[in-house]
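Residue numbers for the sequence shown follow the working numbering, so the first one is 303 and each next one is one higher.
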Amino acid sequence: MLVVMKFGGSSVADLDKIRNVAERCIRKWKEGNRVVVVLSAMGKTTDRLLAQAGEISKMPSRREMDMLLATGEQVSVSLMAMTMIQMGVTAISLNAWQVPMYTNSTYQNAKLKRIDCERIRKELDSNKIVVVTGFQGVNKYDDITTLGRGGSDTTAVALAAALHADLCEIYTDVDGVYTADPRIVPNARKMPEVTYEEMLEFASLGAKVLHNRCVEMARRYNVKLVVKSSMCEAEGTVVKEKTKMEKMLISGVAGDKNIAKITVAGMKDDPESTFRLLNLLSSKGVNIDVMIQSLEKDGTKTLTFTVAKPDMIMIEELLKNEGEILGNVNIKCKEDVAKVSVVGAGVSSNPGVAAKMFEALSNAGINTNMVTTSEIRITAVIKEAELELAMRAVHDRFAAEWE
């Protein structure tokens, strides 16, 4: 059996933890499996590198940021391979250009286009454990690119798909997917299984268990995906197309502080104004989530939307510099916001879900200023300081559904 095992930064934060992961991978290998290991950077390495770059510039070159951030994974894979070799096992570390993993040229948020598996298969055929850098790729200019925060998950699933692996295991500091973040909601429950669709919503809404693009890729290529803990042997959560569980009103609650709200006021009330703004953002690779458009008394339009917090300064500068395209608009940015969401297949078929969610928020004294819905989720934008209270209140309101 061919298994891809991915370990996050907290799982390889120091040499003791690297040895623990090495032992786990070696056990899998000794059971007769062929093993590919994908690693993130050690601990808070990426945060430290980001902070150092931030001391130099508020908007450093995106290409140079990728060159900088990719060093973290190279350290972790080389130390892991050394550890395995010291334990008497044949192992080899490979980075993005050695595999190679080809991406487009959107620095800091690149998309994988193709993986050449010949080198990996050659090393596997030599009975080696292959340890690969997550989070990164190489573009047509031979530049290093990165896949965005959490991109190592996507690397693992992409390798599993390209290698036709039998299983892709994602190891984290929690032992599966919970109905909410157990560090925030103490009575959160682990789910034995969850659908790709629900997991994709959880990931896109701030649940940090899996990268949203990895879930999308797993669904597209039908990769068998399991989320497990690197710290214990507990059964994890299986992510699959369909689950055996009877559908509850919701599957869980997600929260996200990593957002900013941008308001563009004074837009012309014509058919093209919204298109011009969204097309401009799209051309820069900006993803918009919650969006509200309103017509003002003076006959102008106002568009309010949320984006990832790290993109806020770049977007603000972009919009201010494009007066010819947007006209005389007023731009306001706000960082002290967050999203709280409920996710589940029962959202669309049970009209009482929204009422219960907003009842819980109301009882907790939490006001909402933006709301969006889909077939399987409801999201409200609230004050950042109130997010953890909101998650506990909403989770408690639906907890009886899981009993």
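Yeah, the Cβ is synthetic: ideal placement off N, Cα and C, and Gly gets one too.
- Look at residue 373 here: in three-state DSSP terms it is helix.
- Beta bridge pairing from DSSP links residue 438 with 448.
- In the three-state scheme derived from DSSP, where H, G and I count as helix and E and B as strand, residue 538 is classed as coil.
- In this chain, the alpha helix (DSSP H) harbouring residue 576 covers 575 to 585.
- When the Cα atoms are used, residue 697 and residue 606 turn out to be separated by approximately 28 Å.
- Remark: fewer than three beta-carbon pairs, one from each stretch, lie closer than 8 Å, so the stretch 482 to 500 and the stretch 436 to 455 are not flagged as touching.
- Bounds of the alpha helix (DSSP H) holding residue 454 are 453 to 464.
- As computed with DSSP, residue 443 is found in no beta bridge at all.
- Residue 305 and residue 539 have their alpha carbons spaced roughly 16 Å apart.
- Partner residues in the beta bridge of residue 309, as assigned by DSSP, are 341, 473.
- According to DSSP, residue 396 shares a beta bridge with 434.
- Going by beta carbons, residue 371 and residue 348 fall inside the 8 Å limit.
- In this structure residue 616 does not touch residue 637 by the C-beta definition: roughly 14 Å separates them, more than the 8 Å allowed.
- A distance of 8 Å or more separates the beta carbons of residue 567 and residue 630.
- Partner residues in a beta bridge of residue 315, as assigned by DSSP, do not exist.
- Between residue 670 and residue 685, the alpha-carbon positions lie close to 8 Å from each other.
- Taking all protein chains in view, the Cβ of residue 581 is surrounded by fewer than 16 other Cβ atoms within 10 Å, so the residue is classified as exposed.
- Contact check for residue 689 against residue 557 passes: the beta carbons are separated by less than 8 Å.
- Residue 480 sits buried, since 16 or more C-beta atoms from the chains shown fall within 10 Å of its C-beta.
- Residue state for residue 491 is assigned as coil, using DSSP reduced to three classes.
- An exposed status is given to residue 535, since fewer than 16 other beta-carbon atoms sit within 10 Å of its beta-carbon.
- Checking the DSSP bridge columns, you'll see residue 666 has no partner listed.
- The residue among 427, 399, 608 with its C-alpha nearest the C-alpha of residue 588 is 608.
- Sorting 386, 610, 572 by C-alpha distance to the C-alpha of residue 595 places 572 at the top.
- Boundaries of the beta strand (DSSP E) harbouring residue 595: 593 to 597, taken from the DSSP string.
- For residue 543, the CB contacts under 8 Å within the same chain, skipping 5 residues up- and downstream, are 497, 498, 521, 524 in chain order.
- Residue environment analysis places residue 569 among the buried positions, since at least 16 neighbouring C-beta atoms fall within 10 angstroms of its C-beta.
- Distances from the alpha-carbon of residue 307 to those of 367, 469, 409 put 469 closest.
- Rounded to whole angstroms, the separation of the alpha carbons of residue 635 and residue 618 is 7 Å.
- In this structure, the alpha-carbon of residue 388 lies about 52 Å from that of residue 564.
- Under the three-state reduction of DSSP, residue 409 is assigned to coil, being neither helix nor strand.
- In the three-state reduction of the DSSP assignment, residue 625 falls in the helix class.
- Annotation: residue 668 to residue 427 spans about 58 Å, alpha carbon to alpha carbon.
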